[in-house]
Each structure stands twice: as C-alpha cells, then as structure tokens.
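Read through the structure below, which is laid out as structure tokens, and then see the notes.
Residue numbers (full-length UniProt numbering): 1 to 655.
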C-alpha cells in the first residue's frame, strides 16, 4: 500500500509539475543554439518541444527596439552584448577568434588573417613543375566578383563593400551546418510532437487510465486546451526565435564549377587559410596561435542588419509563448501523469538532438599550431611560417596530383628579374616583362660578400629583357610579401588589427634608407661610372638581384651550386620623381631570415629534429658569425632557404 501511495504521489505531483516547469529553463544551451542558427528550420527545431522558453522570449525582446526591454531590465544594454550572445554575425564590435579548444566570440578587433590561395592559371612553374599561388583576401575576391558582375557598390562614401570580420563558427567550427541536418532535426521534432499528441489523446480516451485528481471533470475539453496551448506556444516561440535570426543576414558564396577538368581533378585547387598570432591580448584575455586551411568550396558571412522595430509580430510571439505555456501547465496538472512523463521524455530527446546537431565541431588537433613546442618557436614569426607552409603545401599536393604531359622548360637565366602573370603585380618580386638594361649582373658562383645584381628598366634603346622561370625562393618571398600586404592593409579598421611584426619596423627603416640613397645617387647630383648615364637618370625601374638557395634539408643550404635569384625592385612613375621600394618585399626578406635563424637555433637547442613542421630562410650577412654558428649546429632534417646578398645584417635579438 505504501509503494502504491508513493507512485501515486510521484505521478500526480512531481512528474506532472516538473515537465512544464523544466521547459522554462535551459539558458545557456538555448543561447548557443540561437547564436548558431541561420535557417528557418533551426527556429522550428528550437521552438517545438523546447527548453528555455523564457530565454527565447527574452532574447526576442533584447534584439528589438521594443519598450519591453525596460520590463526585462535590458533598456540600457549595449547592442553588442545581445549580438555576442544571441546572433551569428561578426562586426566591428563582435569578432571570433580561436580560444584554444574552440571558437570564441569576443568584443574587440583581433589580429586574424583570412585569405585564399589560388593556383596560378598562367605558366609560372619552375623545373620541378611546382605551381605558383596567388594570395587574395576574401574582401578582394568579393570586390572582384562585384566588378565582374558590374554591380554598383552601394556603400557610404567610396568605401568598398565589406564582408564583415572572419566568421569562424559558420565556416570551420560547425561541421554539420548544412540545411539537410537542420531539416532532419525539424522533422524529428515534428514527429515527436505528433506522437506526444497522439499518446495524450489515446491515454485520455482510455477508460481504465483516468486521473483521480482531475480538478475538471470534462477531460475532453482539457485535452483540447492542452493541444491548443502547446501548438500556440510552439508558434509563439517560433516567431520569437525567427525574430532573433532575422537580425542577421547570412550570405552563402559557392565556388564556381566550370574551371576545366584539369582544375577539378587537381589536389592543388583554391584553398582558404586562417592565421592567428600567438600571445594576442584582447581585453584581459590572452589567446594562442591558430592556423587552419581547407579547400575553398564555399564561404559564409553573417552581418548584423539592426534591431527590428517593435511591432505586432513581436507582441504576437511573446503573448502566444507565455499564454500557450500557461494553458499547457494547467491542463497537464489535470490530465493523467503519463502525459506529462511522455512530454518530459520527448523534451529531453529533442534537447539531446539539438546538442547532437551542433556537437560535431572542429577538433583542436586540426590546428596546425596546436603543438606547444612549435607554437613557442613560431611566436612572432607566424607570417613567415605560413609563407613557407604554403610552399610545402604546393609540394605535397604536387606529389598527389595526377601526372601531366611533360613540358620541357626553357633555359633559365638565374640572375634575371622574374616574370609572372598580371595577377602578381602587387608584389615587386613578380613584375611583367619589360625592356631592361643589365649592369653588374652577378654570377651564380660568387661568394656571399660579392653576390648581388643590379638592373634598370625603362629604356627602349636596348634589347628585351631576359626572363627566366619561377623558382622556389621567389615563390616563398612572394607569399610572404602578400601576407605582409594583408596584415598591414589600409582597409583594417583599427591599428589593433595590424600585425606587430619586428621585421616590419626594420623594413621601414631599410626602405627609407634605400629610397633616400637612390634619390640622391640617381638625381643627377652624383655622376655614375657607367657608359650611359643618361639612361640611368631616365630609368623608371631598378632591379636588385639577390642570390638564394632553397633546400629540402638544412645541410643542403651549404651547397652553393643550387643558388637561385630573386629581385627587389625600385620604381618611380617617371624620370625626376621619387624612387620607391615596396616595404612588403623588404619585410618578406627580413622576416623569413629572422624566422629561420630563430627556428634553427631552437632546433639545435632541443637536440632533436622536428621534420616537416617548418622551412627556413637565412641571410648570411657580412662579418656576422652568429648565422654561421647556427648553420653548423642545425639538424640535418630541417628544410630551409638561404639567401646570400651584399647587405649588412641587421641586429636581431633572440629570446
């Protein structure tokens, strides 16, 4: 008899009360699901058999301009607080970074590079047929897309349209983000809700399973109110969650397909990269490094559209949600306890299903800089490391690529400035073919103290320039120069988004010195010992050739016969104007050099190799023995790139 009383009390009191009450709570899971919702089916999934009813209603009020914000105590809440908690968008206020184990939404403007590598469609292969990549930001791609379509750029002033800040959640964090998963979850919620309604009808009509504590004798009316209240509540919650989703506008970009069979079968197609520096402080939080890449098949952006005006839709959602829940609570208390238990079980099943839909996320091991040892070495040299990783990516992908017909390359002149297609003109490492005069062209076998070259362009009285193919050194320097351009872009909204790289400071000083020297020497005030001084004074372009060596292992850097050449270009618009040199190119040379010295020293200190994790780039300056000591202590497994020139080595501090 005691056991019977216990179960009777459980059925009629605890179980019947807890089912509707538990649906009111669940704040954090509800906020997380709302902030990652982009489809209308997501709103349905959250609203049917919900948890966090109050959170959904309050969220709709928070993102609106309604006076109800005062009623819930959010009248003075900044707009960014609601955006960071409830929306999927990124903006100048809210951004996303890698937080160590997953993506974190924060206030501020972090340093985070997002760029795409395109395989060059032109003939820019070296003797090993390694492809050349063009590096573009997603903003550049969008601008190019709009220009090709001929659309008018509708933005304030002359600013180009923005895609917003990088959205890591929608592009890499969520692995099951397709509409199929969202629709499947919605279908499951509808099936569960229908089965619960059918069970409530069947149980209420069964003569042997009637409640003893019903406060209303007409159970048919209670059943009708229960079903009506539940449906009304779900409709109201759908409206509220949809209002939250409507505050952001998602745009899906899909990569064009018709690029030729060769491009589709290749493993070296377009790839999108994300790079985040180490020891980045935003507010009072410290974030570590992050590097990740994936095939560039599509891209998603989410921008804030503003607060929706308070209207009939908001009031309908709020009233329907609260009134429907109250009717459901009243009717469940008067019907059989098994109806409440079934509802409670269905609610838990849907909560689990929502979690499963969002459970498959980016593994922290997919972060290329997850190793503490590697992260410590790369600290401060992330751009240099990334440039060399792109070259390594091209080489590894080439090994897996289907074989192509053999093409016999034309004979290279290693001391010539290198020619690439027009897509690379932003970096002076790759210049269009010009008519050029050569002076003091260096030999491939000169020593480090005399290996340099100088060429000028702009005169038509001499033959066409000799042009060679693209070598590994030029590719790496071009990648690093492109990354420097993106990291210090003028379109960065604030200085906090620009990368503080030590090589940048030295490069700016070197740029000023080179430009001042060129403007003084080639101004006519200082005569040159050449046979054609007028041509020098009329030149518009000078090429400074640097000897480099790229090797798969560090010990191969001593092989002087494998040296290659790249050129840094000084240019001016016309004779008599000021000479200019690209500071990004100078930063590329210095940055890769600094990184390789630090990496080789760290490897020697560790007394073991870390093969395959980084490449190197070393400049052996005049009168400096530190670099040579690092070479002798380096592992025989470290890939590297050595650059030999006639510049005095700048001083570099090591930790």
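Ideal Cβ positions, reconstructed from N, Cα and C, are used throughout, including at glycine.
On a predicted model such as this, the values are computed, not experimentally measured, just so you know.
Asked                                                                                                                                                                        : Found
Use the C-beta contact count for residue 102: other C-beta atoms within 10 angstroms, 16 or more gives buried, fewer gives exposed.                                          : exposed
Please tell me whether residue 296 and residue 312 are closer than 8 angstroms, where the distance is taken between their beta carbons.                                      : no
Short of 6 angstroms in beta carbon distance, which residues of its chain neighbour residue 393, apart from the five on each side in sequence? Order them along the chain.   : none
From residue 238 to residue 186, what does the alpha carbon distance come to, in whole angstroms?                                                                            : 12 angstroms
Compute the Euclidean distance between the alpha carbons of residue 476 and residue 387, then round it to the nearest angstrom.                                              : 6 angstroms
What is the C-beta distance between residue 349 and residue 59, in whole angstroms, given that I count them as a contact (C-beta under 8 angstroms)?                         : The pair is not a contact, with the Cβ atoms about 23 angstroms apart (cut-off 8 angstroms).
Three or more C-beta pairs closer than 8 angstroms, one from the stretch 330-345 and one from the stretch 276-283: is that the case here?                                    : no
Under a three-way DSSP split, which group does residue 358 fall into?                                                                                                        : coil
Would you list the one or two residues that DSSP bridges to residue 291?                                                                                                     : 275
Between which two residues does the beta strand (DSSP E) containing residue 668 stretch?                                                                                     : Since the first and last residues shown for the chain are 1 and 655, residue 668 lies out of range.
Near residue 586, which residues of its chain fall below 6 angstroms by C-beta distance, leaving aside the five closest residues on each side in sequence?                   : 507, 510 and 511
Decide if residue 223 is buried, meaning its Cβ has at least 16 other Cβ atoms within 10 Å, or exposed.                                                                      : buried
Counting along the chain, where does the beta strand (DSSP E) carrying residue 34 start and finish?                                                                          : Where residue 34 is concerned, there is no enclosing beta strand (DSSP E), although the alpha helix (DSSP H) it sits in stretches over 27-35.
Please report how far the alpha carbon of residue 171 lies from the alpha carbon of residue 250, in whole angstroms.                                                         : 12 angstroms
Measuring alpha carbon to alpha carbon, tell me which residue in 113, 518 and 70 is nearest residue 497.                                                                     : 113
Quick check: the Cα distance between residue 520 and residue 111, rounded to an integer number of angstroms?                                                                 : 38 angstroms
Measure the alpha-carbon distance for residue 196 versus residue 48 and round it to whole angstroms.                                                                         : 12 angstroms
Give the single residue among 109, 301 and 390 whose Cα lies nearest to the Cα of residue 142.                                                                               : 301
Does residue 321 come out as helix, strand or coil in the three-state DSSP assignment?                                                                                       : helix
Assess, as a yes-or-no matter, whether the stretch 36-51 is touched by the stretch 226-238 under the definition of 3 or more beta carbon pairs within less than 8 angstroms. : yes
Helix, strand or coil: how does DSSP classify residue 98 here?                                                                                                               : strand
Answer yes or no: do residue 37 and residue 88 have a C-beta to C-beta separation smaller than 8 angstroms?                                                                  : yes
When you compare the stretch 52-68 with the stretch 25-33, are there three or more beta-carbon pairs, one atom per stretch, that lie closer than 8 angstroms?                : yes
Mark residue 567 as exposed unless 16 or more other C-beta atoms lie within 10 angstroms of its C-beta, in which case mark it buried.                                        : buried
What's the C-alpha gap between residue 478 and residue 68?                                                                                                                   : 56 angstroms
Using three-state DSSP, classify residue 369 as helix, strand or coil.                                                                                                       : coil
Hey, out of 487, 298 and 306, whose CA is closest to residue 277's CA?                                                                                                       : 487
Could you pull out every residue in the same chain whose Cβ sits closer than 6 angstroms to the Cβ of residue 318, ignoring the five residues on either side in sequence?    : 57
Using the Cα positions of residue 495 and residue 514, report the straight-line distance between them to the nearest angstrom.                                               : 26 angstroms
Which same chain residues, not among the five before or five after residue 305, have their C-beta less than 8 angstroms away from its C-beta?                                : 246, 247, 248 and 249
Let me confirm a value: residue 289 is counted as buried when at least 16 other C-beta atoms fall within 10 Å, else exposed. Which label applies?                            : buried
Look at residue 63 and residue 82 and say whether their C-beta atoms are less than 8 angstroms apart.                                                                        : yes
Which residue or residues does DSSP assign as beta-bridge partners of residue 134?                                                                                           : 118
Leaving out five residues on either side along the sequence, give the residues of the same chain with a beta carbon under 6 angstroms from the beta carbon of residue 287.   : 97 and 280
Report the rounded CA-to-CA distance for residue 582 versus residue 32, giving the unit in angstroms.                                                                        : 45 angstroms
Tell me the residue span of the alpha helix (DSSP H) that contains residue 481.                                                                                              : 472-487
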